[in-house]
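Trainee: Just passing along the structure, written as structure tokens.
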Amino acid sequence: MLSADVFEIAGRRVWIAVFWAEKIQGITFALDGEQFSKNIERLFSFLRKRGVDVDLARGGSDYPALVRDVILGRIDNADILPELSFEGVTPFERRVYEWLTKNVKRGSVITYGSLAKALNTSPRAVGGAMKRNPYPVIVPCHRVVARDGIGHYTPRLDEKIFLLKTEGVEEWTGLKRI
4 MLSADVFEIA
14 GRRVWIAVFW
24 AEKIQGITFA
34 LDGEQFSKNI
44 ERLFSFLRKR
54 GVDVDLARGG
64 SDYPALVRDV
74 ILGRIDNADI
84 LPELSFEGVT
94 PFERRVYEWL
104 TKNVKRGSVI
114 TYGSLAKALN
124 TSPRAVGGAM
134 KRNPYPVIVP
144 CHRVVARDGI
154 GHYTPRLDEK
164 IFLLKTEGVE
174 EWTGLKRI
């Protein structure tokens, strides 16, 4: 099923969609409606390629509001980990996502290199896992930055900047070198 809603967050309209069955299969969001449609299609294709049985049929759930509450800081990211299905995620990706979610809290960031060192892997491997993260916001890939700038973000950098500003991490939002 697919649940979607639009919320006002920090003076912006934020579209949030969640694919779910028994648990959350994937999350996407956008700051405009046109990009939102593209993000849903991108996530749907990605999940299907990963063998996740997702459906574009609309169904109601509280999941979009749950994601909104994480953005607003009402719920800690780690509290939502049990709601994630981790379908189609490799064991390495799951290890990265769980470590990041449990250890890098709202209002802070970590570099790709520091995260790689904590997990005894390479920054490039961490970057790949971040790019493939099917649970943005809950698994806070937006909190992973380059040592000399904000780093990358899939699908759009302005969404990473929005999330970091909402969390009060202003010092990284002006560093757009990637």
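Per our numbering, residue 4 is the first one in the sequence shown, and the count goes up by one each step.
Idealized CB from N, CA, C, for every residue including glycine.
Would you list the residues sitting across from residue 17 in a DSSP beta bridge?
Mentor: Note: residue 17 sits in a beta bridge opposite 10.
Trainee: Our contact map puts residue 27 next to residue 96 with C-beta atoms below 8 Å; I'd like the distance itself, whole angstroms only.
Mentor: So it is not a contact: roughly 15 Å between Cβ atoms.
Trainee: Would a C-beta distance cut-off of 8 Å place residue 80 and residue 104 closer than the cut-off?
Mentor: Their beta carbons are under 8 Å apart, which means residue 80 touches residue 104 by this criterion.
Trainee: Straight-line CA distance for residue 55 to residue 36?
Mentor: Approximately 25 Å, taken between the alpha carbons.
Trainee: Using a Cβ-Cβ cut-off of 7 Å (strictly less than) and excluding sequence neighbours within five positions of residue 89, which residues of its own chain qualify?
Mentor: If we look at residue 89 and ignore the five residues flanking it on each side, its Cβ neighbours are 97.
Trainee: Alpha carbons only, please: which of 41, 13, 22 is nearest the one belonging to residue 66?
Mentor: Considering only alpha carbons, the answer is 22.
Trainee: Terminal residues of the continuous alpha helix (DSSP H) containing residue 32?
Mentor: Segment 27-33 is the beta strand (DSSP E) holding residue 32; no alpha helix (DSSP H) there.
Trainee: Could you say which of 68, 157, 94, 11 lies nearest to residue 46 if we only look at CA atoms?
Mentor: Of the listed residues, the one whose Cα sits closest to residue 46 is 157.
Trainee: For residue 75, which residues from the same chain have a beta carbon less than 8 Å from its beta carbon, with the 5 sequence-adjacent residues on both sides left out?
Mentor: Here the set comprises 12, 169.
Trainee: Less than 8 Å between the CB atoms is what I'm expecting for residue 70 and residue 141, so what's the real figure, rounded?
Mentor: About 7 Å separates the two Cβ atoms, so the contact holds.
Trainee: What ranges does the alpha helix (DSSP H) occupy inside the region 66-154, keeping only unbroken runs of at least 4 residues that lie completely in it?
Mentor: The region 66-154 contains these whole alpha helix (DSSP H) runs: 66-74, 80-83, 94-106, 115-122, 126-134.
Trainee: Measure the CB-CB distance between residue 137 and residue 107 and report whether it falls below 8 Å.
Mentor: No; because the gap between Cβ atoms is not below 8 Å, this pair is not in contact.
Trainee: Alpha carbon to alpha carbon, how far is residue 32 from residue 123?
Mentor: Straight-line Cα distance between these residues: approximately 31 Å.
Trainee: Quick one: grab the DSSP three-state call for residue 59.
Mentor: Coil at residue 59, not helix or strand.
Trainee: Kindly indicate which residue of 30, 58, 57 has the alpha-carbon position closest to the one of residue 18.
Mentor: Of 30, 58, 57, the residue nearest in Cα terms is 30.
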